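A short write-up of the structure that comes next.
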Amino acid sequence: MELKIARQHFVVTGCSSGFGKAITDTLCAEGASVTGIARTRENLDRMKKQWGDRFTSLQGDLLDEETPDRLDVLLGEKNLHGLVLNAGGPPAGKAVETSVSDWDNAYRLVFRWKANLALRLLPRFQKAGYGRILFIESQSTKQPIPSLALSNAMRCAVTGFAKSLSGDVAASGVTVNLLAPGAHATPAIERVIAYRAGNTGESPEEARKAMEAAIPAGRFGKAEELASMAAWLLSAHAGYVTGQTLSHDGGNVRGLFG
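Mapped onto my numbering, the consecutive letters of the sequence shown carry residue numbers 1 to 258.
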């Protein structure tokens, strides 16, 4: 299928690793251009070398108030067709192990900056009468993950925001969707493996194998697989898909609407 995103322009956060890098690579390979945001200059430079004029980098931390301001300046009057909101999650831990300050930090890390950036860029989409906003979250939006209490709660907050926003802007040609990945072979899974190994006495490799065996597909997903789904949701083909939380989890969510 021709995605028809060549010469379109997307902003991708957390673009230099994991899902963000896979989505950036997929979009650029399809002929789109990406303004990518990440904290590490070395990783951004590698991506610039790989994709040339299709990739523009912005080094910064979106928890800092100045980074969205710098993005506005960088974008200028350029057309923008889509926004991918992606970042790592908060530390692993059970609810009984958390403090109020942990929840304050998780709000900033998982929710606040995403709502801020989506609302800041939304007028660009509304003015153009076209836009794609895509949140990359977690299967915990549908089925809580043991020992990820902070992520379970805050990613559900993002889901509620995305669903609410989708209804507000649907008539203006802007879609808002959320991908809910299960376990994938990305750097983010290593913290979960390490936490499990530390609590069960398993070696990291034993913990990894046990986690994969519990997934109906029998393996972790690949970031490139999720990126293909993301690219379709970011394309014109997905104009009638909005307000949805779509799993990408190898069948791991057991509910009827997983």
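We treat Cβ as the ideally placed atom computed from N, Cα and C, and that holds for glycine. Since the structure is predicted, the reported quantities are computational estimates derived from the model, not experimental observations.
Annotation: G243 is outside any alpha helix (DSSP H) and is labelled neither H nor E by DSSP.
The C-beta separation of G31 from V12 comes to about 15 Å, leaving the pair out of contact by the 8 Å criterion. Using a C-beta cut-off of 8 Å, the segment 73-81 makes contact with the segment 128-136, since at least three inter-stretch Cβ pairs fall below that distance. The bridge partners DSSP lists for T13 are I37. When the five nearest sequence neighbours on each side are left out, the beta carbons in the same chain lying within less than 6 Å of the beta carbon of R54 are those of C28, S33, in order along the chain.
Taking all protein chains in view, the Cβ of Q50 is surrounded by fewer than 16 other Cβ atoms within 10 Å, so the residue is classified as exposed. Beta-bridge analysis with DSSP links L83 to V11, I133. Taking C-beta atoms under 8 Å as the contact rule, G20 and K142 fail to qualify, at a distance of about 22 Å.
A231 is the residue among V176, A231, H248, T175 whose C-alpha sits nearest the C-alpha of E2. For the 8 Å CB-CB criterion, K114 and L148 do not form a contact.
Scanning its chain for C-beta atoms nearer than 6 Å, with the 5 sequence neighbours on each side dropped, one finds around T245 the residues T141, T159, L178, A180, in chain order.
The alpha carbon of L165 has as its nearest neighbour, out of N116, A207, H184, the alpha carbon of N116.
Assigned with DSSP and collapsed to three states, S147 falls in coil, not helix or strand.
The Cβ atoms of R108 and L63 sit closer than 8 Å to each other. Looking only at S101, K4, T26, S16, the smallest Cα-Cα distance to S228 is reached by T26. Between the C-alpha atoms of R46 and L256 there is a straight-line separation of about 42 Å. Here DSSP, grouped into helix, strand and coil, assigns N152 to helix.
Taking the CA atoms as reference points, F10 sits about 36 Å from K209. Separation of the CB atoms of M211 and A183 is rounded to 6 Å, and the pair is thereby assigned contact status at 8 Å.
Within its own chain, the residues whose Cβ lies closer than 6 Å to the Cβ of I215, once the five positions on either side in sequence are excluded, are G250, N252, listed in chain order. A straight line joining the alpha-carbon of V110 with that of L150 spans about 9 Å. Secondary-structure assignment with DSSP links S57 through a beta bridge to G36. In its chain, beyond the 5 residues on either side, P204 have a beta carbon closer than 7 Å to the beta carbon of A194. When the five nearest sequence neighbours on each side are left out, the beta carbons in the same chain lying within less than 7 Å of the beta carbon of A92 are those of S147, L148, R191, V192, Y195, in order along the chain. Annotation for N252: no beta strand (DSSP E) segment contains it, and DSSP assigns it neither H nor E.
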